[in-house]
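Everything below concerns the one structure shown next.
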Amino acid sequence: MQFTRKGLKAEGFAGFRPIQDLETMRIPQGTGLFTVVAPEGFQPRFLAKSTAGVFKKKEPSLPAAALTAEWVDGAAVLYIGKAGPGSQGNRGLRRQIQEFVDFGQGKPPGHWDGRAIWQLADAGSLAVAWKELPAEQLNSAEAAYHSAFVAEFGRLPFANLVQARTRSGA
0 MQFTRKGLKA EGFAGFRPIQ DLETMRIPQG TGLFTVVAPE GFQPRFLAKS TAGVFKKKEP
60 SLPAAALTAE WVDGAAVLYI GKAGPGSQGN RGLRRQIQEF VDFGQGKPPG HWDGRAIWQL
120 ADAGSLAVAW KELPAEQLNS AEAAYHSAFV AEFGRLPFAN LVQARTRSGA
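So the sequence shown is numbered by numbering that gives the first Met the number 0: it starts at 0 and just counts up by one.
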């Protein structure tokens, strides 16, 4: 797996829309994985305070030193997440990505995965790509992408602060 736009496209990811131009009605409603990708030549500039919403009375901002430590030089992929069906079966990529973007605009989230994205000064220029997958494949696929990224870069993508694992612990 190559963690580039070309590599992601070869893996079946589509979209690649900048966050600032994202039209959520064009995102599929099915379950799958999504990723946040930096444009070519992107240089991180960290904000002192995140634009993200407060989660369970916890401030989402990370110290500059922590952001710098999480940054992965040379990696286009900044975050890999999943969008499951939810307990009511009404979630999926469209809703998960919309909530992710809303979180970055200061709305309170249901979770705060990927929160480091919202401390980048040019977060709107980052692109979102998605890949539809059946719900039963999500956990293993997310874990496999995280593992492959770690194998290539020695660490998780910038905004993935926790490595995904399959239920068996693999």
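Ideal Cβ positions, reconstructed from N, Cα and C, are used throughout, including at glycine.
DSSP beta-bridge partners of V35 = Looking at the DSSP output, V35 shares a beta bridge with Y78, V127.
What are the residues that DSSP puts in a beta bridge with R16?
-> V127.
What residue from F152, E151, G153, H145 has the CA that sits closest to N159's CA?
-> The candidate whose alpha carbon is nearest that of N159 is H145.
Determine which residues share a DSSP beta bridge with F45 and list them.
-> Beta-bridge pairing links F45 to L119.
For E141, is the classification buried or exposed, using 16 other Cβ atoms within 10 angstroms of its Cβ as the cut-off for buried?
-> With 16 or more Cβ atoms within 10 Å of its Cβ, E141 is classed as buried.
Find out if the Cβ-Cβ distance for the pair A74, F2 is shorter than 8 Å.
-> Taking 8 Å as the cut-off, the Cβ atoms of A74 and F2 count as close.
Contact under 8 Å by Cβ, W111 with F157 | F157 sits away from W111, with the two beta carbons spaced by 8 Å or more.
Alpha-carbon spacing of E135 relative to A126, whole angstroms | If you take the alpha carbons of E135 and A126, they lie about 26 Å apart.
Test item: CB-CB of G6 and K130 under 8 Å | With a cutoff of 8 Å on beta-carbon distance, G6 and K130 are scored as not near each other.
Supposed close pair R93, T23 - CB separation, criterion 8 Å = So it is a contact: roughly 6 Å between Cβ atoms.
Reduced DSSP category for F157 - H, G, I as helix; E, B as strand; rest coil | It is coil, neither helix nor strand.
In three-state terms, what does DSSP make of F54?
-> Correct three-state label for F54: strand.
Between A82 and G91, what straight-line distance do the alpha-carbon atoms span, to the nearest angstrom?
-> Note on geometry: alpha-carbon atoms of A82 and G91 lie some 5 Å from one another.
Tell me whether D72 sits in a helix, a strand or coil according to DSSP, three-state version.
-> DSSP places D72 in coil when its eight states are reduced to three.
L46 beta carbon less than 8 Å from that of Q104 = Here Q104 is not near L46, since their CB atoms are 8 Å or more apart.
Reduced DSSP category for E22 - H, G, I as helix; E, B as strand; rest coil = Coil at E22, not helix or strand.
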